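Have a look at the structure below, then the notes.
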Amino acid sequence: MDAIVEMTKSRDPEQYEFHQAVKEVVESVKPVLDRNPEYRQQAVLERITEPERVVMFRVPWMADSGQVKVNRGFRVEMNSAIGPYKGGLRFHPSVNLGIIKFLAFEQVFKNSLTTLAMGGGKGGSDFDPKGKSDNEVMRFCQSFMAELFRHIGANTDVPAGDIGVGAREIGYLFGMYKKIKNEFTGVLTGKSLNWGGSLIRPEATGYGVVYFAAEMMQTRDETLEGKTCLVSGSGNVAQFTTQKILDLGGKVVTLSDSAGYIYDEKGIDRDKLAFVMELKNLRRGRIYEYADKYPEAVYTPVDPNLDYNPLWNHPAQCAMPCATQNEINEKDANNLLKNGVYLVSEGANMPSTPEAVDIFIDNTILYGPGKAANAGGVAVSGLEMAQNSMRLSWPRDEVDDRLKQIMHSIHKTCVDAATSYGQSGNYVAGANIAGFVKVVNAMLDQGLV
Ligand code: NDP
Ligand code: 2IT
C-alpha cells in the first residue's frame, strides 16, 4: 500500500494535494484489499489513482485594455466506471494540475456516495476572476470553452461550478458551448433557473453540509438548535450553510474571505446574511465591509506570519469550513477542541490537514469529511441532469426532499461501512470504503479498460 503512495509521489513529485488525498484513501481501504485478494491482483489502486484522461490547454483572452493574456486550462477525467465524468471547474490563481487531480480524485468517491450515476472529474484554470470586469470574465470563459467543448458532453463529462465559478461563469460557458455545438443540452450544471437550472442547486452544497451535520448530531440524540457554529468562507457554500443553520435554530458567528474574517458574537442573522449575499454575489466586495456595516462585529485581517487561523479559536460547538483545502491545521484542530467544538462538517474539499483529521478521529468527535458532507451540491447537479434529460423542472420542495434523503443515505452508508470494518463512528473510513467499493466493483465488472 505504501508503494502506491510512493509511486504517486515519485511520478509527480510536485502534486502535494494529490498525494495527500491518495494517502488518506489508500490507508482507509487497506482492510478492504485484505478481505478481497482479487483487488490486488487486478491492481485496482494503481488503476483508480491514474486519471483516465488529462487535458491541459492554452486559454488566450483579451483584457479590456487590449492587452492579450494567457492562462492555463485543465480538465481531469478521473473515472467513468459508474457514469459520465462529473465535477466542477475552479478558477483561482492557485490552480495547478496537482490541485485539479486531488479534486477529481475526491470527486470519484463523493459521486459514488450520492447514489446517482456519476463518474468523477474536475477542471479549471489559474485565471483570477477577482477584479476583472464582466466582459473580461466573459471573454475568458468563451476562450476556455472554445477548447473544452470537444472533451465534454451531456453523456460524456458534465462540468459545474467550484471556487470562482458561479452562475455568471456557467452562463458564459454554456452560451459558448451552445453556439459551437448548435445544441441545447444539459452539458453543464448550476445553470440559471430559466434556461435549464434546477431549483435548490445554488443552496444544495451548504444545505447538504448542514443536513449531514444534523444526521451526525442525531447519533447522539442532539440537534443543531442553540448550537454556535464557526463558518469559514463567504462564497456559495458558506452562505447557504449559514442560511440552513439559521433555519435549524443554530447561530453562526464567523465568516471569512482570503483577506480576513469577521467575528460577530451576537450571530449573523437573516438581515446580516442578506447583506453578505449582496456584498459577495452582486458587489463582489470584501468581508471587512461587514464590520463597517455592523460595528458589533470584529474584523481580523489574515496575518501571514501566524501558524494558525484565529477564526478557529472562538467558543463554539460546531465548525463548518467552507473556503478551501488545508485551511484547518493541527494547531487549529487543537484550538477547536479546546473551545468546545465537537462537530466538524466540511463544506470545502479537504479543508483539514492529515494531522488535523487524526486529532478529530483520535478525540472521537463527530467529523464529517468533505467527500460525504459536501456531496449535496453534486447530488443536486445529478438531479439537474435528470431534469434536463426529461425536459422537466421539479418543484423546490421535491428537490429539497430528495437532497435531504440523499444526505440521510450518505450518512447511513458511511456509518454502516465503518461499522462493518470495525471502525464505528469513523466517517473518514466509512466514506472512503463505501465510495471505493462501489467504483471498484463497477470497474471490475467492465473488464480491463
Ligand atoms: P466561492 O468562490 O463561492 O467562495 C470561495 C470562498 O472561499 C470565498 O470566500 C473565498 O475568498 C474563500 N477562499 C478561496 N480560496 C481561498 C484561499 N486560498 N484562502 C482563503 N480563503 C479562500 O466557492 P464555493 O463556495 O463554491 O467553494 C468553497 C469550497 O467548497 C471549495 O473548497 C469548493 O471546492 C467546495 N465545494 C463547492 C461546491 C459547490 O457546489 N460550489 C460543492 C462541494 C464543495 P476570496 O473571495 O477572498 O477568494
Ligand atoms: O466539489 C464539488 O462537488 C463541486 N464543486 C460541485 C460539482 C458538481 O458537479 O456540481
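Okay, so the sequence shown: first residue is 1226 according to this note's numbering, each after it adds one. Note that the Cβ used here is the ideal one computed from N, Cα and C, for glycine as well. What you are looking at is a predicted structure, and each value in this text was computed from that prediction instead of being measured.
The ligand NDP heavy atom lying under 6 Å from the CB of residue i
i: Ile1388; result: yes
i: Thr1467; result: no
i: Ser1483; result: yes
i: Val1435; result: no
i: Gly1572; result: yes
i: Leu1598; result: Sequence check: residue 1598 is Ala here, not Leu. The answer is no for Ala1598.
i: Val1412; result: no
i: Thr1549; result: yes
i: Ser1614; result: no
i: Ser1459; result: yes
i: Thr1578; result: no
i: Val1462; result: yes
i: Thr1430; result: yes
Spatial neighbours of residue i in its chain, beta-carbon cut-off 7 Å, leaving aside the 5 residues before and after
i: Val1605; result: Ser1423, Ile1425, Arg1426, Ala1429, Val1624 and Leu1628
i: Cys1639; result: Ala1597, Tyr1652, Gly1655, Ala1656 and Ala1659
i: Thr1233; result: Phe1243, His1244, Val1247 and Thr1274
i: Val1662; result: Val1257
i: Ser1634; result: Thr1340
i: Asp1289; result: Ser1358, Asn1360 and Glu1361
i: Gln1367; result: Tyr1397 and Met1401
i: Lys1403; result: Phe1409
i: Met1287; result: Val1293 and Arg1364
i: Arg1260; result: none
i: Arg1511; result: Asp1482 and Ala1484
Residue i, enclosing alpha helix (DSSP H) - first and last residue
i: Leu1608; result: Gly1601 to Met1615
i: Phe1352; result: Where Phe1352 is concerned, there is no enclosing alpha helix (DSSP H), given that its DSSP letter is neither H nor E.
i: Phe1369; result: Asp1359 to Leu1373
i: Pro1529; result: No alpha helix (DSSP H) contains Pro1529, which DSSP labels as neither H nor E.
i: Met1287; result: Note, Met1287: premise wrong, no alpha helix (DSSP H); beta strand (DSSP E) at Arg1278 to Met1287.
i: Lys1452; result: From DSSP, Lys1452 is part of no alpha helix (DSSP H); its letter is neither H nor E.
i: Tyr1519; result: Premise fails: Tyr1519 is in no alpha helix (DSSP H) and is neither H nor E.
i: Val1333; result: Leu1322 to Leu1338
i: Tyr1567; result: No alpha helix (DSSP H) contains Tyr1567, which DSSP labels as neither H nor E.
Distance CB(residue i)-CB(residue j) smaller than 7 Å
i: Val1477; j: Val1456; result: yes
i: Asn1613; j: Gly1421; result: yes
i: Gly1433; j: Gly1601; result: yes
i: Val1320; j: Gly1349; result: yes
i: Pro1546; j: Glu1571; result: yes
i: Leu1473; j: Ser1459; result: no
i: Lys1416; j: Ile1388; result: no
i: Glu1239; j: Ile1324; result: no
i: Thr1453; j: Ile1493; result: no
i: Pro1526; j: Gly1485; result: yes
i: Trp1537; j: Leu1562; result: no
i: Thr1578; j: Asn1599; result: no
i: Met1370; j: Ala1329; result: no
i: Phe1437; j: Met1632; result: yes
i: Met1343; j: Gly1595; result: no
i: Glu1609; j: Thr1381; result: no
i: Val1390; j: Gly1431; result: no
i: Glu1372; j: Phe1465; result: no
i: Val1251; j: Met1226; result: yes
i: Gly1312; j: Gly1345; result: yes
i: Ala1180; j: Met1668; result: Here the chain covers residues 1226 to 1674 and nothing more, so residue 1180 does not appear.
Anticipated Cβ contact below 8 Å, residue i with residue j, distance rounded
i: Leu1338; j: Ala1597; result: 6 Å
i: Ala1656; j: Phe1334; result: 7 Å
i: Pro1354; j: Phe1399; result: Wrong, their Cβ atoms sit about 17 Å apart, outside the cutoff.
i: Val1569; j: Ile1590; result: 7 Å
i: Asn1534; j: Asp1557; result: 6 Å
i: Val1523; j: Lys1469; result: With 8 Å as the limit, Val1523 and Lys1469 do not qualify as a contact, their Cβ atoms being about 25 Å apart.
i: Val1284; j: Val1301; result: No, Val1284 and Val1301 are not in contact; Cβ-Cβ is about 16 Å, not under 8 Å.
i: Asn1564; j: Ile1584; result: The Cβ separation is near 13 Å, so there is no contact.
The ligand 2IT heavy atom lying under 6 Å from the CB of residue i
i: Gly1602; result: yes
i: Lys1326; result: no
i: Ser1177; result: What the structure shows of the chain is the stretch from 1226 to 1674, and residue 1177 is not part of that stretch, so it cannot be assessed.
i: Ala1385; result: yes
i: Val1313; result: Here residue 1313 turns out to be Gly, not Val, going by the sequence shown. True, at least one ligand heavy atom lies under 6 Å from that Cβ.
Contacts around residue i, its chain only, beta-carbon distance under 6 Å, and the 5 residues preceding and following it disregarded
i: Ala1379; result: Thr1410, Gly1411 and Val1412
i: Gln1648; result: Ala1654
i: Thr1549; result: Ala1573
Own chain, CB closer than 8 Å to residue i, minus 5 neighbours either side, in chain order
i: Gly1451; result: Gly1474, Gly1475 and Lys1476
i: Ala1643; result: Ser1649, Gly1650, Asn1651, Tyr1652, Ala1654, Gly1655 and Ile1658
Any non-hydrogen atom of the ligand NAP within 6 Å of residue i CB
i: Ala1246; result: As presented, the structure is devoid of the ligand NAP, carrying the ligand NDP and the ligand 2IT as its sole ligands.
Continuous beta strand (DSSP E) stretch holding residue i: start and end
i: Asp1382; result: Asp1382 to Ala1385
i: Ala1544; result: Cys1543 to Met1545
i: Asp1237; result: It is not in any beta strand (DSSP E) - Asp1237 carries neither H nor E in the DSSP assignment.
i: Met1226; result: Taken as a continuous stretch (DSSP letters only), Met1226 belongs to no beta strand (DSSP E), as it is neither H nor E.
i: Tyr1486; result: Gly1485 to Tyr1488
i: Arg1300; result: Val1293 to Asn1304
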